[in-house]
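Trainee: Plus 1 on top of the position in the sequence shown (first one is 1) and you've got our numbering. Backbone N, C-alpha and C fix where the C-beta goes; we use that ideal spot for every residue, glycine too.
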Amino acid sequence: MMNSLMQSIGFAPLLPLWLLGLLGIAGILLCAWSLYNGARGALLRLAALASLLFWLAGPQHLRESWHSLPQTALMLVDQSPSMSIGQRAVIARQAADALAHMQVDGLNIRTITVRQNGHDGTRLFEALDQAAADIPPDQLAGAMMVTDGQVTDVPANLPDRLRPRTAMGEQRTLPLHVLLTAKGEETDRKLQILEAPPYAIAGQPAHLRVLAEDSGPGTHAGTPAELTLRVNGEEPVVIPVTTGTPQDINIPVARPGQMLISLSVSPLAGEVSQLNNQSITHIMGIRDRLRVLLISGTPNQGERVWRRLLKADPAVDLIHFTILRPPEKDDGTPLSDLALIAFPVKELFQDKINQFDLIILDGFENRSILPHSYLENIANFVRRGGGLLLTAGPEFVGPGSLQETPVGDVLPAHVPPETGMVERQFRPRLTAQGRQHPVTAALSGAPDANMPDSTTTVAGAWGPWYRALKPDSTHGEVLMSGPDAAPLLVLDRVDQGRVALLLSDQIWLWSRGEGGGGPQAELLRRISHWLMKEPELEEEQLAASITDNVLTVTRHSISTEATPPDVTVTAPSGTQTTLHLHAAPQDGSQTTTLPANEAGIWQVTDGTHTAYAAPVQSDIREMTDLRATATKLAPIAHQSGGGVFWLGAPKHLAMPTIRMAESNNLHSTDWLAFPQRGAHIVTGKSAEPLLPTWSMLLVSLAFLFAGWWREGRN
């Protein structure tokens with residue numbers, strides 16, 4: 002800071018200003034009256050009065066001392082992810098350190114480090130506005146930005162912080178100097194996914210639109226390139242493309258479930274980085290509309306339960322038939338007189354059976370309704386990948402039981418006709434396997450294993466049923482048990498298809514709140530979706546995800562294996578790593594982790610199941626354009642009067658020097674400057690009469706005697 006002295010003239014009136022004004026007006030009027038009457042010496046008397054009034058006004062000589070205040074220049078150092086490319090971070094650190102240690106009289110340099118800002122890219126001007134708010138406007142000298150030029154919040158006009166108003170109300174432009182961490186403008190090729198659906202229908206192609214684009218000196222659209230496409234780690238497909246032209250790609254969606262699609266474009270010669278030459282998108286394969294065939298053997302209480310469940314799902318196309326009149330009840334009435342619709346046996350079980358995803362047989366008793374070949378078609382429907390759900394009651398142990406037909410070959414249980422029916426109150430329970438299986442593990446209110454079946458009402462527990470079948474053999478997975486811990490719900494896989502058998506026809510009691518009710522809608526929905534191979538309900542699951550460059554592998558299993566199998570992780574580069582899974586006691590799953598720093602699709606397998614994962618790019622805007630460039634910041638820098646400097650390489654840093662400038666020229670090839678703002682603080686004031694009192698009195702008397710002398714001459 003400098004000590005300075007400023008001198009000026011001021012007044013400290015000895016009389017009130019209104020009285021001085023009246024005396025002045027009176028003197029002017031008397032002078033005018035004297036001049037009008039031809040009196041001599043009137044002007045000299047007016048001069049005497051004026052000198053007197055000037056003395057009464059108290060003229061003073063003012064002295065003011067003050068200290069100059071230092072100015073502050075902001076230096077914003079970019080440390081966003083794009084600065085990790087090449088030597089940019091090193092150059093930025095060296096430049097910031099050199100600038101911070103430059104000694105310039107009257108100038109302080111305040112360093113602001115700007116890191117990643119969520120998903121909005123690098124926002125240096127937002128940081129500039131926040132930092133400048135803490136500096137008095139008259140002490141802000143300007144700003145410097147040490148960056149690669151990839152700034153996402155560049156304004157169209159100079160920010161108000163760099164256009165402060167002076168004490169006189171004038172607007173002053175402050176410089177913004179840009180220091181770029183490279184030798185010059187760079188080139189880059191980037192791949193953008195313009196369109197990608199989050200969902201796609203299984204069996205139909207998913208449509209993608211991508212664009213490969215070159216930017217930088219010497220680049221132009223229309224350059225041939227190659228696009229490599231890989232789905233879930235499968236063999237890559239190479240597609241020729243041209244830069245600057247959107248490319249449409251159709252990708253087959255073979256089955257429901259998540260698809261990881263990796264896209265990469267061939268590199269551009271001399272480009273700064275290949276990080277943005279690739280991209281990954283997720284597409285979830287879903288079924289179009291689930292086609293369900295529901296056959297009710299006879300009108301029963303459970304029909305409404307099924308219809309409410311299936312009709313409530315807009316993705317389900319339901320075809321429901323109830324057999325109202327079995328063949329043995331033919332009374333000879335002519336068909337033309339019947340209001341019933343004939344059961345379309347051939348159309349459903351031969352012509353169109355393969356169009357369904359799920360067949361539900363609710364209390365169905367054959368009774369010669371379906372010939373042997375059609376029952377064989379149902380069994381083959383399951384073996385080829387279809388789903389079959391059967392709810393069984395007394396008809397299952399009668400003479401028309403399905404277990405004695407070809408359908409029985411795919412059922413997971415057999416019930417003896419003589420002793421298979423049990424009629425007494427019981428509460429359905431989850432088995433040990435059912436408490437782990439995704440179909441039933443999330444069901445709430447399951448009764449405790451020690452709760453007696455005779456208990457009629459227990460708050461929050463499942464209500465009782467009163468009839469069930471007791472099988473003598475089962476295979477598959479028993480998820481629920483009934484009377485005497487006998488299997489009640491059995492799931493099984495048959496070749497490519499699936500079967501579920503519910504050995505009771507009384508689940509409808511839950512819908513009426515019997516004994517507190519139960520989760521009948523959720524249970525039936527989960528069973529149906531498991532039969533239709535919903536990925537989230539698979540009992541054996543292997544999942545992988547990448548967060549913060551860490552690959553997490555999770556395996557869910559209902560098997561009783563003592564030691565879980567190891568998993569093999571294949572990185573995008575092809576490197577394989579074997580990992581041991583660790584059991585998680587809270588949910589019975591097994592997990593493991595691995596650092597994942599490579600971009601692309603990672604593959605994980607336990608020998609039976611395979612999962613895929615890819616890192617999610619946290620800031621797409623930040624990594625879209627990787628060039629070091631002046632194109633974004635140069636216009637705003639020139640608008641402020643600042644300069645643009647290329648810093649070069651770490652070992653040959655082209656550092657400009659800093660100085661203070663009195664003129665409007667604020668930069669050259671090797672220096673940058675900030676203007677002198679003249680900010681100061683007053684430290685003291687003093688005042689003394691401009692003229693001694695006796696001198697002012699002599700002047701007034703001199704004018705007065707001169708007037709008398711002039712008046713006395715004839």
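1) Do the region 543 to 563 and the region 518 to 525 touch if we need at least three Cβ pairs shorter than 8 Å?
2) Nearest CA to the CA of Ser267: which residue from Asn665, Gly122 and Thr243?
3) Report yes if the CB atom of His178 is closer than 8 Å to the CB atom of Leu673, and no otherwise.
4) What does the alpha-carbon distance come out to for the pair Pro71 and Gly185?
5) Determine which residues share a DSSP beta bridge with Ala433 and list them.
6) Given that a residue counts as buried once 16 or more other Cβ atoms are within 10 Å of its Cβ, and exposed if not, what is Tyr375?
7) Within a Cβ cutoff of 7 Å, which residues of the same chain sit near Gly223, ignoring the five residues on either side of it in sequence?
8) Quick one: residues in its chain with C-beta nearer than 8 Å to the C-beta of Leu291, no 5 flanking neighbours on either side, listed in chain order?
9) Does DSSP put Ile360 in a helix, a strand or coil?
10) Entirely within the region 93 to 148 and at least 4 residues each: give me those alpha helix (DSSP H) ranges in chain order.
11) For Leu15, count neighbouring Cβ atoms within 10 angstroms of its own Cβ and tell me buried if that reaches 16, exposed if not.
12) Alpha carbons only, please: which of Gln151, Leu163 and Ala487 is nearest the one belonging to Pro472?
13) Give me the DSSP bridge partner(s) of Glu227.
14) Excluding sequence positions up to five away, which residues of its chain have a Cβ less than 8 Å from the Cβ of Ile602?
15) Assuming the contact rule is C-beta atoms closer than 8 Å, Ser81 and Thr114 should be a hit. Round their C-beta distance to whole Å, please.
16) Determine the contact status of Met481 and Leu490, defining contact as a CB-CB distance below 8 Å.
17) Would you give the residue range spanned by the beta strand (DSSP E) that Pro1 belongs to?
18) Can you give me the Cβ contacts of Ala197 inside the same chain, cut-off strictly under 6 Å, excluding the 5 residues immediately before and after it?
19) Given Gln356, which residues of its chain have a CB within under 7 Å of its CB, disregarding the five upstream and five downstream residues?
20) Does DSSP put Arg660 in a helix, a strand or coil?
21) Using beta carbons (cut-off 8 Å, strictly below), is Gln205 in contact with chain C?
22) With which residues is Val570 paired in a DSSP beta bridge?
23) So Trp509 is in the alpha helix (DSSP H); what residue range does that whole segment cover?
24) Ala462 to Val440, Cα distance in whole Å?
25) In whole angstroms, give me the CA-to-CA distance for Leu212 and Asn277.
26) The alpha helix (DSSP H) spanning Phe397 covers which residue range?
27) In whole angstroms, what separates the C-alpha of Asp79 from that of Gly107?
28) Could you tell me how far apart the beta carbons of Ala584 and Gln591 are, in whole angstroms, since I believe they sit closer than 8 Å?
29) Note down, in chain order, each residue of its chain lying with its Cβ closer than 8 Å to the Cβ of Lys633, except the 5 sequence neighbours on either side.
30) Please determine whether the Cβ atom of Pro345 lies at a distance below 7 Å from any heavy atom of the ligand SAH.
31) In the DSSP assignment, what are the bridge partners of Glu478?
32) Of the residues Val239, Ala96 and Asp671, which one's Cα is nearest the Cα of Ser265?
33) Between which two residues does the beta strand (DSSP E) holding Gln521 run?
34) Inspect the beta-carbon positions of Ile296 and Leu362 and report whether they are closer than 8 Å.
35) Kindly indicate which three-state DSSP category Lys347 falls into: helix, strand or coil?
36) Check Arg384 in the structure and name its three-state DSSP category.
Mentor: This is what the structure gives:
1) With a cut-off of 8 Å, the region 518 to 525 and the region 543 to 563 do not count as touching, because too few Cβ pairs lie within range.
2) Taking only the C-alpha atoms, the option nearest Ser267 is Thr243.
3) For His178 and Leu673, yes; Cβs fall inside 8 Å.
4) Distance between the alpha carbons of Pro71 and Gly185: 34 Å.
5) Beta-bridge pairing links Ala433 to no other residue.
6) Buried: at least 16 other Cβ atoms inside 10 Å.
7) Correct list, in chain order: Thr243, Thr244 and Gly245.
8) Cβ-Cβ distances below 8 Å link Leu291 to Asp314, Ala316, Val317, Asp318, Asp358, Leu359 and Met533 in the same chain, with the five nearest sequence neighbours on each side left out; the list follows chain order.
9) Ile360: strand per DSSP, three-state reduction.
10) Qualifying alpha helix (DSSP H) stretches, in chain order: 125 to 133.
11) Classification for Leu15: exposed.
12) It is Ala487.
13) Its beta-bridge partners are Pro241.
14) Result list for Ile602: Arg231, Asn233, Gly234, Leu261, Ser263, Ile281, Pro573, Tyr613, Ala614 and Ala615, in chain order.
15) The C-beta distance from Ser81 to Thr114 rounds to 10 Å, too long to fall under 8 Å, and the pair is not in contact.
16) Met481 places its beta carbon less than 8 Å from that of Leu490.
17) A query on residue 1 cannot be resolved here, the shown segment of the chain reaching from 2 to 715 and no further.
18) For Ala197, where only same-chain residues beyond five positions count, the Cβ hits under 6 Å are Leu209 and Thr282.
19) Cβ within range, chain order: Arg292.
20) Judged by DSSP in its simplified three-state form, Arg660 adopts strand.
21) In the displayed structure, chain C is absent; only one protein chain is listed.
22) DSSP lists Thr578 and Val605 as partners of Val570.
23) Counting along the chain, the alpha helix (DSSP H) containing Trp509 begins and ends at Trp509 to Ser512.
24) Distance from the CA atom of Ala462 to the CA atom of Val440, rounded to whole angstroms, is 18 Å.
25) Distance between the alpha carbons of Leu212 and Asn277 is about 12 Å.
26) Neither: Phe397 is in no alpha helix (DSSP H) and is coded neither H nor E.
27) C-alpha separation (whole angstroms): 26 Å.
28) By a beta-carbon distance limit of 8 Å, Ala584 contacts Gln591. Their separation comes to about 5 Å.
29) Gly150, Gln151, Val152 and Val155, listed in sequence order.
30) Judged by which ligands are present, the structure shown has none, so any question about the ligand SAH falls away.
31) Glu478 is bridged to Leu492.
32) Of Val239, Ala96 and Asp671, the residue nearest in Cα terms is Val239.
33) Segment Gln521 to Leu532 is the alpha helix (DSSP H) holding Gln521; no beta strand (DSSP E) there.
34) Cβ distance < 8 Å, so Ile296 and Leu362 count as in contact.
35) Here Lys347 carries a helix assignment [DSSP, helix/strand/coil].
36) Helix at Arg384.
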